[in-house]
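**Student:** Let me give you the structure first, and then I'll get to my questions.
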Amino acid sequence: MSAGWKAPMTKFVTDAYAWIEYLNGSEKGDKFGEILEDNSNEIFTAASTTAEVISKFLRANKDIKIALTAINNMSILVSITQDIGFLAGQIHFEAKKKNKEFGMLDSFVAATAQKINAKILSGDEHFKNFKDAVFI
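Counting in the working numbering, the final residue of the sequence shown is number 1388, and the numbers go up one at a time with none missing.
The structure is reproduced here in structure tokens:
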């Protein structure tokens, strides 16, 4: 290996499940933390995921600033574009055929991952039929 050689980065789009586990300090959250701290990984969060995390924090009566700070400081936020929205609609349509419980917000995670050529990082069983899903 030459001195300038760098290992290729692995891109991950993190869903709400992973963020919530991490912020709660669970065992699965610790696995996400290892991925977060690995400098050969690049972590992204779909903007729609922020809504899901904030809702969960509010329902648990937790400080949303903690969640927002973590998401903003530890990942790259990906805005919802028309392309991502279109792709999310297609993904949602197809996924609902296999899993009636598959949600629209999960579709945005999958569409964001597809758009930026990344893996989905989750622990949510809704992603079990996605070949690029990595489970914590």
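All residues carry an ideal CB built from backbone N, CA and C; glycine is no exception. A quick note: this is a predicted structure, and the numbers were derived from the prediction, not measured.
What's the call for Glu1279, buried or exposed, on a 16-neighbour Cβ count within 10 Å?
**Tutor:** Exposed, by the Cβ-count rule.
**Student:** So, using beta-carbon positions, are Lys1308 and Ala1268 closer together than 8 angstroms?
**Tutor:** Yes, Cβ-Cβ distance for Lys1308 and Ala1268 is below 8 angstroms.
**Student:** Which residue marks the beginning of the beta strand (DSSP E) containing Ala1370, and which one marks its end?
**Tutor:** Taken as a continuous stretch (DSSP letters only), Ala1370 belongs to no beta strand (DSSP E), as it is neither H nor E.
**Student:** Whose CA, out of Asn1291, Glu1304, Lys1371 and Ile1318, lies closest to the CA of Asn1276?
**Tutor:** When only C-alpha atoms are compared, the closest one is Ile1318.
**Student:** Give a yes or no on whether the C-beta atoms belonging to Thr1266 and Ser1331 are separated by under 8 angstroms.
**Tutor:** No, the pair does not count as a contact, with Cβ atoms beyond the cut-off.
**Student:** In the DSSP assignment, find the unbroken alpha helix (DSSP H) run with Ala1270 in it and report its ends.
**Tutor:** Note, Ala1270: alpha helix (DSSP H), Ala1268 to Asn1276.
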